[in-house]
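Numbering-wise, this note's numbering comes out as the position in the sequence shown, counting from 1, plus 15. What follows is a short report on a single structure.
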Amino acid sequence: MTTTETLDYTKEIARSTAPLYDRVKTVIPEAEWPVHAPYVAAINRVKKERNAVILAHNYMTPEIFHCVGDLCGDSLALAKMAQETDAEVIVLAGVHFMAETAKLLNPEKIVLMPDMDAGCSLASSITGADVRALRAAHPGRPVVTYVNTSAEVKAESDICCTSSNAVKIVESLGVDEVIMIPDEYLAGFVASQTDVKIIPWQGHCVVHEAFTVEEIEEYRGMYDDIAVIAHPECPGDVLNAADFVGSTSAMINWVRTRKPKHVFMVTECSMSDNVAAEEPEVEFIRPCNLCPYMKMITLPKILDCLETLEPRVEIDEDVAMRAKIAVERMVAAS
Ligand code: 13P
Ligand code: SF4
């Protein structure tokens, strides 16, 4: 590997990355491209040498999402794609629980996490011991666990869910009452869509809990025709004030199909950049709420992990075996 040679913005790098810059030119200033382009070219080359695939969550910045991501999507799509890929190495451009899910479904593959500290406030809100205590307090109630959790918590669960299949998963169990962890707001949203009684946990997402109804009203006052679409991790009053509620991919599809003139995507703001790059006729109105964990993933860290094949995600065998059952049940039910 001769990475140091290739990290200069040479004429050849400019030429070979020009089609990729074309995809993101409306959201990445021309002056910034010489910083990204050498990394983009090196990552795309090393990825082939390593027989690696990069799974990129919808919250990655545009130079990652559009220029090095091979398979992109929401948490459910990433889990399914992790299960289907033939690549020997998986790089998870997202947060730690997503890499753990990929490893659970592919124990024989190398799963790399560009920054092991890229966690999630929901995942850190609950432990395996908390789940055991909940079960003891509510005997006989199945535990439905949002994928934004550690493998240790998944191992204590009956089935997993994501924001795109939560209602379906809860109803698939055929019971009157379930424990749903750890997102209090997702649990509240599911409760509003089903007759099944939900016992929630008080975990919150640091990004989505910051949105307010006042903010939405302010934008509605500024643009008569604004569409407001929100992620179910937002507080209940914010969801009630929105025109549509869905997972990150459901929100993207909503914009792609409806093509509103103005839209406020009430979620992490890199996603608006990623959709804006594809939908130049839609104007995205947004306060920029960034996920501090997602933003730990950068091009230099992706290149570094591909070159060194470190750091690798490893899960204790017994935990992995039990957690995998909960994830596989979800994939089968959705
Ligand atoms: P999605 O499953 O909708 O992609 O959500 C993941 C996430 O972490 C949202 O904050
Ligand atoms: Fe976790 Fe929220 Fe970041 Fe999603 S946006 S990874 S839920 S902290």
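The beta carbon of each residue, even a glycine, is placed where N, CA and C say it ideally should be. Nothing here was measured: the structure is a model prediction, and the numbers come from that model.
beta-carbon residue i near the ligand 13P non-hydrogen atom, thresh 7 Å
i, result
"Asp132", "no"
"Arg288", "The sequence given here has Asp at residue 288, not Arg. False, no ligand heavy atom lies under 7 Å from that Cβ."
Presumed contact (8 Å Cβ cut-off) between residue i and residue j, rounded CB distance
i, j, result
"Cys284", "Arg301", "5 Å"
"Ala57", "Leu22", "7 Å"
"Val126", "Val328", "4 Å"
"Gly251", "Tyr200", "6 Å"
"Pro157", "Val190", "6 Å"
"Leu321", "Val106", "6 Å"
"Val39", "Cys82", "7 Å"
"Pro129", "Ala144", "In fact, because the Cβ distance is near 30 Å, the residues do not count as touching under 8 Å."
Coil, strand or helix - residue i by DSSP
i, result
"Val260", "strand"
"His223", "helix"
"Glu329", "coil"
"Glu103", "coil"
"Leu188", "coil"
"Arg337", "helix"
"Leu70", "strand"
"Glu298", "strand"
"Thr160", "strand"
"Pro49", "helix"
"His111", "helix"
"Lys212", "strand"
"Cys87", "strand"
"Met195", "strand"
"Ile28", "helix"
"Val342", "helix"
"Cys306", "coil"
"Ile141", "coil"
"Ile312", "coil"
"Thr19", "Because the pLDDT at Thr19 is just 49, under 50, the model does not fix this residue reliably, and the value given afterwards should be weighed accordingly. Of the three classes helix, strand and coil, the one that applies to Thr19 here is helix, per DSSP."
"Met280", "strand"
"Val126", "strand"
"Cys176", "strand"
"Ile244", "strand"
"Gly218", "strand"
"Glu64", "helix"
"Pro34", "helix"
"Pro77", "helix"
"Glu171", "coil"
"Asn268", "helix"
Check: residue i C-beta below 7 Å from any heavy atom of the ligand SF4
i, result
"Cys249", "no"
"Ser136", "yes"
"Val328", "no"
"Cys306", "yes"
"Met195", "no"
"Val110", "yes"
"Cys220", "yes"
"Asn163", "yes"
"Met309", "yes"
"Glu186", "no"
"Glu283", "yes"
"His223", "yes"
From the options, residue whose alpha carbon lies closest to that of residue i
i, options, result
"Tyr36", "Thr25, Trp48, Lys26", "Trp48"
"Asp101", "Ala67, Asp331, Leu119", "Ala67"
"Val228", "Asp239, Ala245, Glu171", "Ala245"
"Pro197", "Tyr308, Leu149, Ser207", "Leu149"
"His223", "Met280, Asp239, Ile184, Tyr24", "Met280"
"Asn289", "Lys310, Lys316, Ile267, Pro275", "Ile267"
"Leu254", "Thr263, Val243, Ser264", "Val243"
"Ala166", "His111, Ser31, Thr25", "His111"
"Val55", "Leu318, Lys276, Met311", "Leu318"
"Asp132", "Lys316, Ile174, Pro122, Cys175", "Lys316"
"Val342", "Thr116, Met96, Lys124, Phe80", "Thr116"
"Glu325", "Ala92, Lys124, Asp89", "Lys124"
"Cys430", "Glu332, Glu230, Ala92", "As displayed, the chain neither begins before 16 nor continues past 349, which places residue 430 out of reach and without an answer."
"Val334", "Ala92, Leu120, Cys249", "Leu120"
"Glu192", "Ile213, Ser179, Ser207", "Ile213"
Residue-chain proximity (residue i, chain D), Cβ-Cβ < 8 Å
i, result
"Asp288", "Of the protein chains in the structure, only one exists, and it is not chain D."
Mind listing which residues have their beta carbon within less than 5 Å of any non-hydrogen atom of the ligand 13P? Chain order is fine. Asp89, Ser90, Thr177, Ser178, Ser262, Thr263
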